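See structure below.
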Amino acid sequence: MVLEVALIDVVPGQEEQFAAAYAEGHAVLAGTPGCRSVRMTRGIESPARFVLLVEWDSVEAHEQEFRATERFTRWRALIGPYFAGPPVVEHFTDVPA
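Per this note's numbering, residue 162 is the first one in the sequence shown, and the count goes up by one each step.
Structural data, given as structure tokens:
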């Protein structure tokens, strides 16, 4: 399992529209083969900053089953207009305790 972390800065004043677009597109992302869970969080100190957390079976599942498909095009068309800049996206794995 890998965790995709996307730091998304939204144009100030458009946070509620972005959240509504996310709610509309959630099923597009969550229904992707290889996607285990999806969660969006919003900054308290920085309310125009959002963090998208997606658990994938693998990096390949993210890239091949989502990013390289029409699902990504639909997803980005919904949320992309609210971006203040390109999101910063990285993949992480758990560290054993």
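All C-beta atoms in this analysis are idealised placements derived from N, C-alpha and C, irrespective of residue type, glycine included.
Here the structure is a predicted model, which is why all the values come from computation and not from measurement.
**Asked** Should the segment 195 to 211 be called in touch with the segment 250 to 258, which here means at least 3 C-beta pairs below 8 Å?
**Response** no
**Asked** Where do the N-terminal and C-terminal ends of the beta strand (DSSP E) with residue 167 fall, by residue?
**Response** 163 to 170
**Through-space distance from residue 193 to residue 232, alpha-carbon basis** = 8 Å
**Cutoff 8 Å: residue 234 Cβ touching any chain B Cβ** = The structure shown contains no chain B; it is built from a single protein chain.
**Asked** What whole-angstrom Cβ distance do residue 264 and residue 195 have, given they're in contact under 8 Å?
**Response** Since the first residue of the chain shown is 162 and the last is 258, residue 264 is not available in this structure.
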